[in-house]
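Worksheet: one structure, shown below.
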Amino acid sequence: MKRQGASSERKRARIPSGKAGAANGFLMEVCVDSVESSVNAERGGADRIELCSGLSEGGTTPSMGVLQVVKQSVQIPVFVMIRPRGGDFLYSDREIEVMKADIRLAKLYGADGLVFGALTEDGHIDKELCMSLMAICRPLPVTFHRAFDMVHDPMAALETLLTLGFERVLTSGCDSSALEGLPLIKRLIEQCKILFYLMCYLFFPTGGGVTDRNLQRILEGSGATEFHCSARSTRDSGMKFRNSSVAMGASLSCSEYSLKVTDVTKVRTLNAIAKNILV
């Protein structure tokens with residue numbers, strides 16, 4: 001197939017990025033796109049951060065400036081999204097070079113793990129590209145992100161990812177939300193244990209529409225011990241002068257005077273629900 005033509009010192013020991021269940025019997029990852037949201041996620045009890053930009057597009061690579069300041073501001077592990085653009089997961093040669101450069105920079109600025117995904121034009125895992133990117137990522141842990149939800153055959157894709165050595169797969173069960181995809185998530189976890197338990201165990205952070213209204217059902221129904229959420233709320237801008245006739249993005253985008261940030265209370269609520277179920 002042809003491809004498409006830290007200034008402040010922190011003295012406290014950082015929390016390791018290890019396996020789910022290391023402290024609480026579960027692991028809660030919050031996806032964030034700012035320093036403020038990163039701090040709020042940690043305050044709410046998150047165990048790990050997935051740092052992105054462009055959450056409205058499903059997450060793209062954050063700036064290295066954001067990563068540097070986040071690492072100075074929180075103690076929990078920070079996994080960095082490597083995705084050069086929104087849209088599909090079929091990348092051109094130049095986009096691949098961008099991904100490789102971003103991985104090297106993320107490692108330089110202190111990333112605790114990397115998150116990426118890549119597919120072939122027919123919806124299979126791009127083994128060659130994944131192997132190439134993982135070689136640059138190591139020795140850091142690597143998550144295959146929700147590109148998994150766009151694959152042609154989820155069970156075959158699972159086997160491929162296990163063989164490649166990914167530590168985690170982020171999935172909503174190839175559906176619009178983790179609740180809708182619950183049957184497949186359960187099958188994936190069971191199949192992973194049956195086929196490859198002795199080689200490696202893949203963790204499945206359930207993601208996609210995880211809220212306080214459905215988390216209990218998702219965790220109990222899937223057997224997952226990690227979950228992934230944004231837990232965001234909207235807050236008003238601090239601007240006093242406002243020009244409401246001008247928008248910086250598309251006409252359907254959010255107002256410049258309305259900011260989405262991780263909500264400490266929402267994170268605490270989700271944490272308490274998981275603790276009640278899994279501990």
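The opening residue of the sequence shown carries number 1 in full-length UniProt numbering; numbering runs sequentially from there. The C-beta atom is built at its ideal place from N, Cα and C for all residues, glycine as well. Remember, it's a predicted structure, so these values are computed and weren't measured experimentally.
Three-state class that DSSP yields for residue i in the structure shown
i, result
"LEU105", "helix"
"MET81", "strand"
"PHE144", "strand"
"GLU167", "coil"
"MET239", "coil"
"SER56", "helix"
"THR234", "strand"
"LEU182", "helix"
"THR269", "helix"
"GLU220", "helix"
"GLY173", "coil"
"SER34", "coil"
"SER63", "coil"
"ARG94", "helix"
"ARG187", "helix"
"GLU42", "helix"
"MET255", "The question names Met, yet the displayed sequence has Ser at residue 255. If DSSP states are grouped into helix, strand and coil, SER255 belongs with coil."
"VAL210", "coil"
"ILE277", "helix"
"VAL246", "coil"
C-beta atoms of residue i and residue j nearer than 8 angstroms
i, j, result
"ALA106", "LEU114", "yes"
"VAL246", "ASN40", "no"
"LEU182", "LEU278", "no"
"SER258", "THR225", "no"
"ILE273", "SER222", "no"
"ALA111", "VAL80", "yes"
"ILE82", "MET99", "yes"
"ASP33", "SER53", "yes"
"THR61", "GLY86", "no"
"LEU164", "LYS193", "no"
"VAL209", "LEU179", "Correcting the residue type first, residue 209 is Gly in the shown sequence and not Val. Result yes, Cβ atoms of GLY209 and LEU179 sit closer than 8 angstroms."
"GLY44", "ARG268", "yes"
"LEU133", "PHE116", "yes"
Status (buried if at least 16 other CB within 10 Å, exposed otherwise) for residue i
i, result
"HIS152", "exposed"
"residue 292", "The requested residue 292 is not part of the displayed model; the chain covers only 1 to 279."
"LEU51", "buried"
"residue 291", "The structure shown has nothing for residue 291, since the chain only spans 1 to 279."
"SER38", "buried"
"LEU158", "buried"
"LYS266", "buried"
"THR171", "buried"
"ARG232", "buried"
"GLU42", "buried"
"ARG146", "buried"
"GLU29", "buried"
"LEU108", "exposed"
Pairwise C-alpha distance: residue j and residue i
i, j, result
"PRO154", "VAL169", "11 angstroms"
"ALA118", "CYS130", "7 angstroms"
"PRO77", "SER230", "16 angstroms"
"ILE96", "HIS228", "26 angstroms"
"ALA135", "VAL142", "10 angstroms"
"VAL264", "GLY173", "27 angstroms"
"LEU67", "CYS31", "13 angstroms"
"LEU90", "THR120", "6 angstroms"
"ARG94", "ARG217", "42 angstroms"
"ASP175", "LEU215", "16 angstroms"
"GLN191", "ASP212", "28 angstroms"
"PHE241", "GLU256", "12 angstroms"
Length at least 3, wholly inside the stretch 115–160: the beta strand (DSSP E) runs in chain order: For the stretch 115–160, whole beta strand (DSSP E) runs of length 3 or above, ordered along the chain, are 142–144.
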